[in-house]
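Here the structure comes first, spelled out in structure tokens, and everything after it is commentary.
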Amino acid sequence: MQNAKVIENSEGARTTPSVVAFSPKGELLVGIPAKRQAVTNPQNTFFGTKRMIGRRFDDPQTQKEMNMVPYKIVKAPNGDAWVETTDGKQYSPSQIGGFVLTKMKETAEAYLGKSISKAVITVPAYFNDAQRQATKDAGRIAGLDVQRIINEPTAAALSYGTNNKEGLIAVFDLGGGTFDVSILEISNGVFEVKATNGDTFLGGEDFDNTLLGFLVSEYKNTENIDLSKDRLALQRLREAAEKAKIELSSTTQTEINLPFITADASGAKHLNITLTRSKFESLVNGLIERTREPCKSCLKDAGITTKDVDEVLLVGGMTRVPKVQEIVSEIFGKAPSKGVNPDEAVAMGAAIQGGILRGDVKELLLLDVTPLSLGIETLGGIFTRLISRNTTIPTKKSQVGNHVPIPPELVWLCFVSFLG
833 MQNAKVIENS EGARTTPSVV AFSPKGELLV GIPAKRQAVT NPQNTFFGTK
883 RMIGRRFDDP QTQKEMNMVP YKIVKAPNGD AWVETTDGKQ YSPSQIGGFV
933 LTKMKETAEA YLGKSISKAV ITVPAYFNDA QRQATKDAGR IAGLDVQRII
983 NEPTAAALSY GTNNKEGLIA VFDLGGGTFD VSILEISNGV FEVKATNGDT
1033 FLGGEDFDNT LLGFLVSEYK NTENIDLSKD RLALQRLREA AEKAKIELSS
1083 TTQTEINLPF ITADASGAKH LNITLTRSKF ESLVNGLIER TREPCKSCLK
1133 DAGITTKDVD EVLLVGGMTR VPKVQEIVSE IFGKAPSKGV NPDEAVAMGA
1183 AIQGGILRGD VKELLLLDVT PLSLGIETLG GIFTRLISRN TTIPTKKSQV
1233 GNHVPIPPEL VWLCFVSFLG
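Residue 833 is where the sequence shown starts when you use my numbering, and the numbers rise one by one after that.
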């Protein structure tokens, strides 16, 4: 796969924000143009919807998200969480994802000069079946036949391992919305996932929200004005928080300067706060610490210790945060590798998987696992596990249970399946 390439989008960037917006004139904007106008149109600019895909409106995580985003989250007729524009139009997270995938499809078609109908899509390793199916729906909305859904850490390992690297690899993937950790063994072209774990509501957006809350609180303490009531001011603060977070990965101090952030009876008000890296780290320390337990569980499920791990790969933009790298070193007892591009490794791995499916890459074999246990409801409302988490897939399992008398007039049976 020496010919694998990350294609630049129409704006000339190698990455595209998963942001979708509808302008006041009803124009659909995707990626950088959508993100650029978010300050003036926050209620019609949708980001972070990947965390809602396949989720119910009543899910506690959805309810928590409703208080953190400037746009409206509503209950769909089927009970799922959807988003709504100011003119009352509703969209499912799959539709929003479909708009993003359509842009990706168009970008690839413009570069290759031919139409594209098939795709490999990556998802967080800890996505459940409903979330994976909803991701496939997004692909179909974009006019793509989704050939395979693969886990993001696995894709990153594929990208890393094609350079004849072997051994036991830990992939620490902290992205914009989710966190995953996977243990893989690479040997003679075989990529075998030993275990995976994660948190589908832990990522860069949580870091942004934490910093946003701090800025709102600081301004209220000094100026006695609550910026959380002003959607436009809040969106400006959100963008400033993200920018400050990024800058603090390469510098020890940054200045957040937002003139004319609001106004009161005395006139225009400005915001100017100096933020140090140490203060930022103290604010988000609780979020970073949440990565420890999934890592420990993953090592335990894989049946190994940190001494067995040959290398730790960092994936996802949030792994550029120095404190995150420090915690990774503490967890695994070794400094993480800088051998892959944290932003591009997953996409490169998906391209390699596409090559495997096409038959262009014959020397590689991927053996992934199911992240969650699978079972059914049996007599008495009991959950009976059939397939344990971290079982290599594809797999099958049969089990004979107690016989229950079935009335002769019964024409169908309902089996309730569970993931957990």
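In this text, a Cβ means the ideal position worked out from N, Cα and C, and glycines have one as well.
Exercise. Could you work out which residue in 1129, 882, 939 and 1105 is closest to residue 1054 when comparing CA atoms only?
Key: Looking only at 1129, 882, 939 and 1105, the smallest Cα-Cα distance to residue 1054 is reached by 1105.
Self-check item: Of the residues 951, 1028, 1136 and 1078, the one placed nearest residue 1008, counting alpha carbons only
Solution: It is 1078 whose Cα lies nearest to the Cα of residue 1008.
Quiz item: According to the Cβ coordinates, are residue 1131 and residue 1021 closer than 8 Å?
Solution: Contact flag unset, no.
Self-check item: residue 1085 - containing beta strand (DSSP E), residue span
Solution: The continuous beta strand (DSSP E) containing residue 1085 extends over residues 1085-1096.
Practice problem: Spatial neighbours of residue 1179 within its chain, please: CB distance less than 7 Å, with the 5 preceding and 5 following residues excluded, ordered by chain position. | Solution: Excluding sequence neighbours, residue 1179 sits near 838.
Quiz item: By Cβ distance below 6 Å, which residues in the same chain neighbour residue 1087 in space, the five residues on each side in sequence not counted?
Solution: So the qualifying residues of the chain are 1106.
Quiz item: What does residue 1011 pair with, by DSSP beta-bridge criteria?
Solution: Its beta-bridge partners are 1006 and 1031.
Quiz item: At least one CB of chain D closer than 8 Å to the CB of residue 1171: is that the case?
Solution: In summary, chain D is missing from the structure at hand, where a single protein chain is found.
Practice problem: Could you spell out the range, first to last residue, of the beta strand (DSSP E) harbouring residue 1223? | Solution: Segment 1223-1225, the beta strand (DSSP E) holding residue 1223.
Self-check item: Sequence-distant residues of the same chain with beta carbon closer than 6 Å to residue 913, five excluded per side
Solution: Beyond the five residues adjoining it in sequence on each side, residue 913 comes within less than 6 Å, by CB distance, of 884, 887, 889, 894 and 905 in the same chain, given in chain order.
Self-check item: Between the CA atoms of residue 874 and residue 899 - distance to the nearest angstrom
Solution: So the alpha carbons of these two residues sit roughly 14 Å apart.
Exercise. Let me know the secondary structure DSSP gives residue 873 once reduced to three states.
Key: It is coil, neither helix nor strand.
Quiz item: Helix or strand or just coil, what does DSSP make of residue 867?
Solution: Looking at residue 867 - three-state DSSP - the assignment turns out to be helix.
Quiz item: Going along the chain, which residues of its own chain have a beta-carbon closer than 7 Å to the beta-carbon of residue 902, five neighbours each way excluded?
Solution: Closer than 7 Å at Cβ, skipping near neighbours: 874, 875, 1063, 1066 and 1067.
Quiz item: Quick one: Cα of residue 1173 to Cα of residue 1031, how far?
Solution: Looking at the backbone, the Cα of residue 1173 and that of residue 1031 are separated by about 22 Å.
Quiz prompt | One or two residues paired with residue 879 in a DSSP bridge | solution = DSSP lists 851 as the beta-bridge partner residues of residue 879.
Quiz item: How do the segment 1041-1050 and the segment 1155-1167 stand: do at least 3 beta-carbon pairs fall below 8 Å, yes or no?
Solution: Cβ pair count under 8 Å is below three, so no.
Quiz item: Nearest to residue 1151 by alpha carbon, out of 1012, 896 and 974?
Solution: Residue 1012 is the option with its Cα nearest to residue 1151.
Quiz item: With a CB to CB cut of under 6 Å and the five nearest residues on each side skipped, what residues in its chain are close to residue 1220?
Solution: These residues qualify, in order along the chain: 1205.
Practice problem: Give the straight-line distance between the Cα atoms of residue 869 and residue 1208, rounded to the nearest whole angstrom. | Solution: Computed Cα separation, rounded: 47 Å.
Self-check item: Beta-carbon proximity of residue 986 to residue 1198, cut-off 8 Å
Solution: Going by C-beta atoms, residue 986 is nearer than 8 Å to residue 1198.
Quiz item: Measuring CB to CB, does residue 1177 end up less than 8 Å from residue 991?
Solution: It is a contact, given that the beta carbons lie within the stated cut-off.
Quiz prompt | Where the alpha helix (DSSP H) containing residue 986 begins and where it ends | solution = Counting along the chain, residue 986 sits inside the alpha helix (DSSP H) bounded by residues 984-993.
Exercise. Count the other CB atoms, across all protein chains shown, that sit within 10 Å of the CB of residue 963; report buried if there are 16 or more and exposed otherwise.
Key: Counting the other Cβ atoms within 10 Å of the Cβ of residue 963 gives 16 or more, which makes it buried.
Quiz item: If you draw a straight line from the alpha carbon of residue 938 to that of residue 919, how long is it in whole angstroms?
Solution: Rounded to whole angstroms, residue 938 and residue 919 show a C-alpha spacing of 28 Å.
Practice problem: Determine the contact status of residue 1002 and residue 1181, defining contact as a CB-CB distance below 8 Å. | Solution: No Cβ-Cβ contact shorter than 8 Å links residue 1002 with residue 1181.
Quiz item: Can you give the Cα-Cα distance for residue 1101 and residue 1093, rounded to whole angstroms?
Solution: Residue 1101 and residue 1093: Cα-Cα distance of roughly 6 Å.
Quiz item: Over what stretch of residues does the beta strand (DSSP E) that includes residue 1153 continue unbroken?
Solution: No beta strand (DSSP E) contains residue 1153, which DSSP labels as neither H nor E.
Exercise. Measure the alpha-carbon distance for residue 1187 versus residue 1127 and round it to whole angstroms.
Key: A straight line joining the alpha-carbon of residue 1187 with that of residue 1127 spans about 30 Å.
Quiz item: Who are the near neighbours of residue 1140 in its chain, counting only those whose CB is closer than 7 Å to its CB and skipping five residues on each side?
Solution: Answer for residue 1140: 1000, listed in chain order.
Self-check item: Cβ-Cβ separation, residue 1036 to residue 1018 (assumed contact under 8 Å), whole Å
Solution: Between residue 1018 and residue 1036, the beta carbon gap of about 28 Å keeps them out of contact (Cβ cut-off 8 Å).
Quiz prompt | Nearest-angstrom Cα separation, counted from residue 861 out to residue 1076 | solution = So the two alpha carbons sit approximately 25 Å from each other.
Quiz item: What separation, rounded to the nearest whole angstrom, lies between the Cα atoms of residue 1149 and residue 957?
Solution: Rounded to the nearest angstrom, the two C-alpha atoms are 17 Å apart.
Quiz item: Which one of 1029, 1157, 1125 and 1136 has the shortest CA to CA distance from residue 1081?
Solution: The residue with the shortest Cα to Cα distance from residue 1081 is 1157.
Quiz prompt | Neighbourhood of residue 974 by C-beta, 7 Å cutoff - its chain only, sequence neighbours within 5 removed | solution = Only 930, 933, 934 and 937 meet the Cβ criterion.
Quiz item: Exposed or buried, residue 1161, counting other C-beta atoms within 10 Å across all chains shown (16 or more means buried)?
Solution: That one is exposed.
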